[in-house]
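Numbering (the working numbering), first residue to last: 2 to 615. Positions of the beta carbon are idealized from the N, C-alpha and C atoms, including for glycine. Structure first, then comments.
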Amino acid sequence: MTVNDIKHAKVKAWVEEIAKMCQPDDIYVCDGSTAEYDRLMQEMVDAGLATPLAKKANSFLFRSLPSDVARVEGRTYIASVKEEDAGPTNNWIDPKELKATMTGLYTGCMKGRTMYVIPFCMGPVGSPISKNGIEITDSAYVVCNMHIMTRVGTKVLEALGTDGEFVPCLHSVGKPLAEGESDNGIWPCADMDNKYISQFPEERTIWSYGSGYGGNALLGKKCFALRIASVLARDEGWLAEHMLILKLTSPEGEVKYVTGAFPSACGKTNLAMLIPTIPGWKVETIGDDIAWMKFGDDGRLYAINPEAGFFGVAPGTSAQSNKNALEAASKNTIFTNCALTEDGDIWWEGIGYPAKGELVDWKGNKRPAFEKDKAPKGEEMAHPNARFTAPAGQCPCIAPEWEDPKGVPISAFLFGGRRPSTIPLVHQARDWNHGVFLGSIVGSEVTAAVISDQVGQVRRDPFAMLPFCGYNMGDYFQHWINIGKKSTADKLPKIFYVNWFRKDESNDKLPGGFMWPGYGDNSRVLAWIFDRCNGKDNFVETAIGYMPKEGALNLEGLDDVYKANIPAITSVDKEGWLKEIEDIRTKHYPKFGTHLPKELTAELDKLESNLKNM
Numbered sequence: 002m003t004v005n006d007i008k009h010a011k012v013k014a015w016v017e018e019i020a021k022m023c024q025p026d027d028i029y030v031c032d033g034s035t036a037e038y039d040r041l042m043q044e045m046v047d048a049g050l051a052t053p054l055a056k057k058a059n060s061f062l063f064r065s066l067p068s069d070v071a072r073v074e075g076r077t078y079i080a081s082v083k084e085e086d087a088g089p090t091n092n093w094i095d096p097k098e099l100k101a102t103m104t105g106l107y108t109g110c111m112k113g114r115t116m117y118v119i120p121f122c123m124g125p126v127g128s129p130i131s132k133n134g135i136e137i138t139d140s141a142y143v144v145c146n147m148h149i150m151t152r153v154g155t156k157v158l159e160a161l162g163t164d165g166e167f168v169p170c171l172h173s174v175g176k177p178l179a180e181g182e183s184d185n186g187i188w189p190c191a192d193m194d195n196k197y198i199s200q201f202p203e204e205r206t207i208w209s210y211g212s213g214y215g216g217n218a219l220l221g222k223k224c225f226a227l228r229i230a231s232v233l234a235r236d237e238g239w240l241a242e243h244m245l246i247l248k249l250t251s252p253e254g255e256v257k258y259v260t261g262a263f264p265s266a267c268g269k270t271n272l273a274m275l276i277p278t279i280p281g282w283k284v285e286t287i288g289d290d291i292a293w294m295k296f297g298d299d300g301r302l303y304a305i306n307p308e309a310g311f312f313g314v315a316p317g318t319s320a321q322s323n324k325n326a327l328e329a330a331s332k333n334t335i336f337t338n339c340a341l342t343e344d345g346d347i348w349w350e351g352i353g354y355p356a357k358g359e360l361v362d363w364k365g366n367k368r369p370a371f372e373k374d375k376a377p378k379g380e381e382m383a384h385p386n387a388r389f390t391a392p393a394g395q396c397p398c399i400a401p402e403w404e405d406p407k408g409v410p411i412s413a414f415l416f417g418g419r420r421p422s423t424i425p426l427v428h429q430a431r432d433w434n435h436g437v438f439l440g441s442i443v444g445s446e447v448t449a450a451v452i453s454d455q456v457g458q459v460r461r462d463p464f465a466m467l468p469f470c471g472y473n474m475g476d477y478f479q480h481w482i483n484i485g486k487k488s489t490a491d492k493l494p495k496i497f498y499v500n501w502f503r504k505d506e507s508n509d510k511l512p513g514g515f516m517w518p519g520y521g522d523n524s525r526v527l528a529w530i531f532d533r534c535n536g537k538d539n540f541v542e543t544a545i546g547y548m549p550k551e552g553a554l555n556l557e558g559l560d561d562v563y564k565a566n567i568p569a570i571t572s573v574d575k576e577g578w579l580k581e582i583e584d585i586r587t588k589h590y591p592k593f594g595t596h597l598p599k600e601l602t603a604e605l606d607k608l609e610s611n612l613k614n615m
């Protein structure tokens, strides 16, 4: 397929405009076929950029440069016309200034390379909740990852027709090649000062330059699915959220769908793919990272997973922590910055077993394997943010309806963070606005193991959207308040706050000091939430919301060491919450100034009054 075959006039004109600016040697329009994927992957193998894995069918390992291993939040911009519209939690540059800078960088940036045109759809093609995009890139690695993570190719162009809406996404690794020059097997990217991941909200446009990695380069992911989509959702009256979607089936066969927002390192993917420890319950996965939700005719919110794959963090993933994720990545998978074993497999820290012989680490150095599946800090064989890109359809617990174009009706929202104290195992918001309040204060506490001079401080990550909200977060809170007015309480999802990470450092019987075992045992909390969605009288009203009444949690088979903690982790820590209020009132909410909804201040006041009257 060539540019001349594109029937959509705006797409064709934009592709031609970008080609004139970036000056590639060739232009290729992606058709999304298996043959296309295989050809591009073979080209990267031949170029020394990809290593085929003998132990995993149709799977490959890539190594990026140490300067290009993760999202670069400091180089990520929301270039709204007005700085105020970007808000206090985003980096802002005037869009005219930013475009001038980036146009200078883009000029001639694809010399010596092929320019790939990727038509892609976020969500099932044809779904009323899905959105289309066109990503232009000079990276075959991006094309192959987008094949897995989105719906790519001719079918998207057909769905777009001659005048369908699309989000233009421009990407370049920022490494033009002189005549006869090649990458010589070295990951192409620009230096840090020339990396830009830019979103232009009013134009619904994404420009990315200088990074070939993950969320910086796969522009359907965080850039489109959250930063731009959150703006579209605000304007069109729906939700684009950094949330998992799971299907929960009771022993009686009743089904409910639950979404959950958690900051990094809080067990989000593990929850999405959970294997319950209580008999008769079943968890299946709709999505592990992003949820788009629109109201159906019945007044309920219906969610789709806009992605087609998992872009998972590899280290720490094991048969114990997430067997389903390992299975999903057992074939047809792209691995990035993992270690390579002597027999042609991948390895990472926390995989659950030691490697043998010598490994090639993520920097390409040969080193003897460690005796355990851990490494001293700074000596990791796999980068701590090493990734696997795996097709979602390969996950053993993927729900049959995960690609249903109508989406699935959501019964509950979960918010959670890593909090060693104060926040109980689970509590439920009394109503929608109280739930929005709980979402607005999400955060994780800094522990001594991380930054010793900040122990006890809370890093707030409202709705787990802090790096991903495409506009003023105060206005985002208001949007959530407004969403609650679009339906009735009986049809809106119930909202819960969970915390798997309470600690008692003085109890040496508790692994890591954690008062709750987490992982599969989180199904006990999900079962309580399920019953609350059915209106079951299994709760007590407290100063902070509804909490499990004594005996309401299914503790059958739970180790006695954890049973003993239940009273502590299902009670209200009055003093802890009063400190929490002080932090919110003096440090967190003031950031948003006049954009903070008055409803949230009212909820904060109500919480304080409730606690003082305990």
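Residues near residue i by beta carbon distance below 7 Å, same chain, minus five either side
{"i": "T334", "result": "K57, S60, F389, T390 and A391"}
{"i": "W529", "result": "V427, N539, P549, A553 and L554"}
{"i": "M42", "result": "A51, F61 and C145"}
{"i": "D344", "result": "A55 and K56"}
Rounded straight-line distance, which links the Cα of residue j to that of residue i
{"i": "V314", "j": "A326", "result": "10 Å"}
{"i": "S453", "j": "E446", "result": "Here S453 scores only 38 on pLDDT, less than 50, and its place in the model should not be relied on; the value that follows carries that caveat. Answer to the nearest angstrom: the Cα atoms are 12 Å apart."}
{"i": "Q1", "j": "P512", "result": "This structure cannot settle anything about residue 1, because the visible part of the chain is limited to 2 through 615."}
{"i": "N217", "j": "S231", "result": "17 Å"}
{"i": "E84", "j": "W93", "result": "6 Å"}
{"i": "K121", "j": "I187", "result": "Going by the sequence as given, residue 121 is Phe instead of Lys. Rounded to the nearest angstrom, the two C-alpha atoms are 28 Å apart."}
{"i": "T318", "j": "F531", "result": "27 Å"}
{"i": "A450", "j": "K378", "result": "Note that A450 scores a pLDDT of 42, beneath 50, so its modelled location is shaky and nothing firm can be said."}
{"i": "I496", "j": "N91", "result": "26 Å"}
{"i": "W578", "j": "V541", "result": "18 Å"}
{"i": "T206", "j": "M116", "result": "18 Å"}
{"i": "L341", "j": "P518", "result": "32 Å"}
{"i": "C398", "j": "A266", "result": "22 Å"}
{"i": "A304", "j": "A273", "result": "14 Å"}
{"i": "R301", "j": "V499", "result": "23 Å"}
{"i": "R72", "j": "D290", "result": "15 Å"}
{"i": "K248", "j": "G113", "result": "48 Å"}
Sheet register partners of residue i (DSSP bridge)
{"i": "E285", "result": "K248"}
{"i": "P120", "result": "I135"}
{"i": "D27", "result": "T115"}
{"i": "G261", "result": "L245 and L415"}
{"i": "I496", "result": "F414"}
{"i": "E1", "result": "In the structure as shown, the chain begins at 2 and stops at 615. Residue 1 is therefore absent and cannot be evaluated."}
{"i": "L360", "result": "R368"}
{"i": "C170", "result": "E136 and I207"}
{"i": "M294", "result": "L240 and A304"}
Exposure of residue i, with buried meaning 16 or more beta-carbon neighbours within 10 Å
{"i": "R419", "result": "buried"}
{"i": "Y354", "result": "exposed"}
{"i": "T77", "result": "buried"}
{"i": "K375", "result": "exposed"}
{"i": "M244", "result": "buried"}
{"i": "E203", "result": "exposed"}
{"i": "D522", "result": "buried"}
{"i": "R228", "result": "buried"}
{"i": "N633", "result": "Nothing about residue 633 can be reported from this structure: the residues present for the chain run from 2 to 615 only."}
{"i": "Q479", "result": "buried"}
{"i": "D69", "result": "buried"}
Nonlocal neighbours in the same chain, by C-beta distance under 6 Å from residue i, ignoring five residues either side
{"i": "E506", "result": "G514"}
{"i": "K8", "result": "T163"}
{"i": "G88", "result": "N473 and M474"}
{"i": "L240", "result": "A234 and M294"}
{"i": "H435", "result": "E604"}
Residue i: CB within 7 Å of a non-hydrogen atom of the ligand NAD
{"i": "K83", "result": "This structure simply doesn't include the ligand NAD, nor any ligand for that matter."}
Where residue i sits in the DSSP three-state scheme
{"i": "S319", "result": "coil"}
{"i": "A273", "result": "helix"}
{"i": "M1", "result": "Any question about residue 1 goes unanswered here, given that the chain covers just 2 to 615."}
{"i": "A230", "result": "helix"}
{"i": "P53", "result": "strand"}
{"i": "N434", "result": "helix"}
{"i": "P397", "result": "coil"}
{"i": "V409", "result": "strand"}
{"i": "I452", "result": "Model confidence at I452 stands at a pLDDT of 39, short of 50, so the residue's coordinates are unreliable; what they give is reported in the following sentence. DSSP places I452 in coil when its eight states are reduced to three."}
{"i": "Q200", "result": "strand"}
Close-in-space but distant-in-sequence residues of the same chain around residue i (CB under 8 Å, 5 per side omitted)
{"i": "P252", "result": "P280, G281 and W282"}
{"i": "M103", "result": "Y197, S199, W208 and Y210"}
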